[in-house]
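2 protein chains.
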Amino acid sequence: MKNFGFYNPVRISFGKGKIAELTGMIPQNAKILLTYGGGSIKKNGIYDQVIAALRGFNVIEFGGIEANPYYEILMIGVELIKANEIDFLLAVGGGSVLDGTKFMAAAALWEGSDPWEILSRRNVVKVTHAIPIGTVLTLPATGSEMNGGAVITRRETKEKLAFSSEKVLPRFSILDPEVVFSLPQIQVANGIVDAFIHTLEQYLTYPVNAPIQDRFAESLLITLVEEGPKVMANRTDYDAAANLMWAATMALNGIIGVGVPQDWATHMIGHEITALHGIDHGRTLCLVLPGVMRVKQKNKEAKMLQYGERIWNITEGTTDEKIDAIIAKTVNFFESLGIKTKFSDYGIGAEIIPKVIDRFEKRGIKAFGERGDVTLEDIAKILELQLK
Amino acid sequence: MKNFGFYNPVRISFGKGKIAELTGMIPQNAKILLTYGGGSIKKNGIYDQVIAALRGFNVIEFGGIEANPYYEILMIGVELIKANEIDFLLAVGGGSVLDGTKFMAAAALWEGSDPWEILSRRNVVKVTHAIPIGTVLTLPATGSEMNGGAVITRRETKEKLAFSSEKVLPRFSILDPEVVFSLPQIQVANGIVDAFIHTLEQYLTYPVNAPIQDRFAESLLITLVEEGPKVMANRTDYDAAANLMWAATMALNGIIGVGVPQDWATHMIGHEITALHGIDHGRTLCLVLPGVMRVKQKNKEAKMLQYGERIWNITEGTTDEKIDAIIAKTVNFFESLGIKTKFSDYGIGAEIIPKVIDRFEKRGIKAFGERGDVTLEDIAKILELQLK
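Sequences listed follow chains F and R, in order.
If you're matching positions, the first sequence starts at 1 in our numbering and goes up one per residue.
If you're matching positions, the second sequence starts at 1001 in our numbering and goes up one per residue.
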């Protein structure tokens, strides 16, 4: 096991009817900015529950934070925070609303010249202050409700960049699995694969003798494979929704990633595809991952075989046959959820390859992955394999 | 899954050489009480590492906190804290030192008439303030390094009582697996079974459709079964020591217990046996658990069979045959670590039964366990089964 640090002070309130507990979780006399997305919360009753719990509080609303939250929009929110001396941000939404709110929390107190630096210079600058955040999760997927990470898109330059800071860890997150009941099936599918691939990014690397982390990751993968389809078939299956929701949170709250190598190549490449073509985040991951598994097979072989045996019960055949079967099972799982895994399915051709490479080159990125050896050449091969 | 809350803000620093990080983790200008046990840390080099990291800090020492920390001793520490206006407690030790330090942290700021009430009236009174604590763990076992619980013994009355409060959650805990290298084998064995039974208390109940929690618990059990004997055979096997240490922490930091029923009957009974006869905590658990499994078999049958299949690979035979094999495997595991599981092994006879029953009766306790149906009559049966 590698040395590690772990710190996750997010207070979780999980279960039916938990949104009503909001009242006791926000500091009294707080001046709250309530942030949300495109307005679905006004149709499914979540907005009403939140407003009922906030009775008596001083609340200003900031809706319209869309998928892949735009820096340009968020900066309007930052102005609103400053103008109204907001001292608490309550994010009600999925990963995009939560991520966008984290950025606003940091940007509002940013003392540098340009808050974009929080993202563009994340390896150099440090977030030292942020307005406290609470969240009400409306979509199990990204894990943003229990971590300090956020991914933000700049419309102007089509850049999609991430930052991470303890300062934007939510003070609390309310997870009521009943929010799943009214989700469109496509969003449930995106959430399942997002959590699945978050887990694989921290698992499908190389062994470091960390059996707890391995088995925890496998616990999440098995749960997603078993419970995901139940939610797809019946979104009012409370237990399945609860298991999916907790899996998505646990997949990216740090627990499974302590002391083990991490990859994130699939995410790095996927972000570029979303930035270029606007394809849903979860779907871009399914487009990229099979290629990464194939091109980096030798790097990942030991963990791939373990994954194949423990998740898909693949124990027969030569190593190459097993790897073929493992990749096929993984792809079939995504496809069974209605998620396509080839660029041709999205009307995208080979032109995607130089475009993605060019973007990494321009940013001076030469390689990534758990061994730092996923080169730009590898990326071209990965994308090539996934064309059709 | 049941509704739940989860909050664990303990900062973990895990790995080789991490004790040196102490310097940056304690507030500057803190007036520190350094607490420890019988002095083994002065022989194994941990004391020297801690003192080196504390150079320049204002430190007073309070050693001598023994196993099953005594209220009477801890209250002397409380006087020391008050007299010296201590504002940070650094506990260097195993579960007893950590638990004792948690009690001192709360007792020093207790505003009620008698700090014993923190324990004796734990269901009525509430800890609202405590001096901040940091810990350096020297023994993987109790999980105290990442929770807000503590068990304290009163010498005068032979009472062993627990309390739990968010206020005594350590600010940080440093876990360096190399501390295992110098542990006596008996302490390693105690730690393995303590973590194993902590896990079972949160797992061997009844199913509530919580596959993540189930599989996480199973991950810890399998790891303890596989890695525990490696540490027993070679205490300088760093990877095995690291896996044991992380298992013990994860077994009682709340993660595996969210949203599921919990038992704790074995602990309730075990505490009485330690209080009466001074037998090591982990050993009392091994004395009691097999009886609980047998007497509450019907309650626990579904999870027992799952445990048997997933941990011990027991899949053949009738249900009763399987249960027999499961209990036998569990007992054999304890015995293989050198831990005896019958009262006769400790020179204790049937007189233990009325003594334990009497103590629960005097405290007005009529039943406990995950269904609240482990009655005093059941306890008599459990102890009877374990006599010889």
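Note that the Cβ used here is the ideal one computed from N, Cα and C, for glycine as well.
All of these numbers come straight from a predicted model, not from anything done at the bench.
- Looking at the DSSP output, A240/F sits in no beta bridge, so it has no partner there.
- When C-alpha distances from E1377/R are compared across F1163/R, F1360/R, T1274/R, E1370/R, the shortest belongs to F1360/R.
- Taking K1355/R as reference, the option from K1158/R, V1193/R, E1061/R with the minimal CA-CA separation is K1158/R.
- In this chain, T1135/R is not harboured by any alpha helix (DSSP H); it is covered by the beta strand (DSSP E) spanning 1133 to 1137.
- Of the other Cβ atoms in all chains shown, 16 or more fall within 10 Å of the Cβ of S1165/R; this residue is therefore buried.
- Rounded to whole angstroms, the gap between the alpha carbons of R363/F and K160/F is 12 Å.
- Y1071/R places its beta carbon less than 8 Å from that of T1153/R.
- Straight across, the Cα-Cα distance linking Q202/F with M1104/R is about 40 Å.
- Beta-bridge pairing by DSSP links G1149/R to S1164/R.
- Setting aside the 5 residues that flank it on each side, I1060/R is surrounded in the same chain by L1033, N1084, each with a C-beta closer than 6 Å to its C-beta; the list follows chain order.
- Residues of chain F whose Cβ lies closer than 8 Å to the Cβ of I1212/R are, in chain order, S219, L220, T223, N243, W246, A247, M250.
- Residues L1376, I1379, A1380 of the same chain have their beta carbon placed closer than 7 Å to that of I1357/R, with the five preceding and five following residues left out of the count.
- In the structure shown, E1111/R falls within a coil segment according to DSSP collapsed to helix, strand and coil.
- Just so you know, the alpha carbons of N147/F and V10/F end up roughly 8 Å apart.
- Against P9/F, the close residues of chain R are P1009, in the order they occur along the chain (beta-carbon pairs closer than 7 Å).
- Around the beta carbon of S1344/R, fewer than 16 other beta carbons sit within 10 angstroms, so the residue counts as exposed.
- Excluding residues up to 5 positions away in sequence, I1339 lie with their Cβ nearer than 6 Å to the Cβ of R1283/R in the same chain.
- Residue contact check for N234/F against chain R: no CB pair falls below 8 Å.
- When W1264/R, I1255/R, M1293/R, D1239/R are compared, the shortest CA-CA separation from A1162/R is found for W1264/R.
- By the neighbour-count criterion, in which 16 or more other beta carbons inside 10 Å mark a residue as buried, I365/F falls on the exposed side.
- Under the Cβ criterion of 8 Å, I131/F is not counted among the residues facing chain R.
- The C-beta distance from S113/F to E66/F rounds to 27 Å, too long to meet the 8 Å contact threshold.
- Ranked by how close their Cα comes to the Cα of I197/F, the residues M232/F, A325/F, T249/F have T249/F in first place.
- A direct Cα-to-Cα measurement between W116/F and R122/F gives close to 9 Å.
- Going by C-alpha positions, Y1036/R is about 11 Å away from I1046/R.
- When secondary structure is reduced to three states using DSSP, T35/F falls in the strand class.
- Using a Cβ-Cβ cut-off of 8 Å, F1014/R counts as an interface residue toward chain F, since at least one Cβ of chain F sits closer than that to its own.
- In this structure, DSSP gives L1337/R a state outside helix and strand, which the three-state scheme calls coil.
- Cα atoms of V1168/R and D373/F: separation of roughly 45 Å, rounded to the nearest angstrom.
- Contact between the region 1 to 18 of chain F and the region 1228 to 1248 of chain R is established, with three or more Cβ pairs separated by less than 8 Å.
- Taken atom to atom, the span from the alpha-carbon of H277/F to that of D1194/R is near 54 Å.
- Pairing G317/F with K16/F, the inter-Cα distance amounts to about 46 Å.
- Judged by DSSP in its simplified three-state form, G1308/R adopts helix.
- Here the C-alpha atom of G1094/R lies approximately 38 Å from the C-alpha atom of E309/F.
- When secondary structure is reduced to three states using DSSP, P1184/R falls in the coil class, being assigned neither helix nor strand.
- For I256/F, the CB contacts under 6 Å within the same chain, skipping 5 residues up- and downstream, are Q202, Q213, F216, A217 in chain order.
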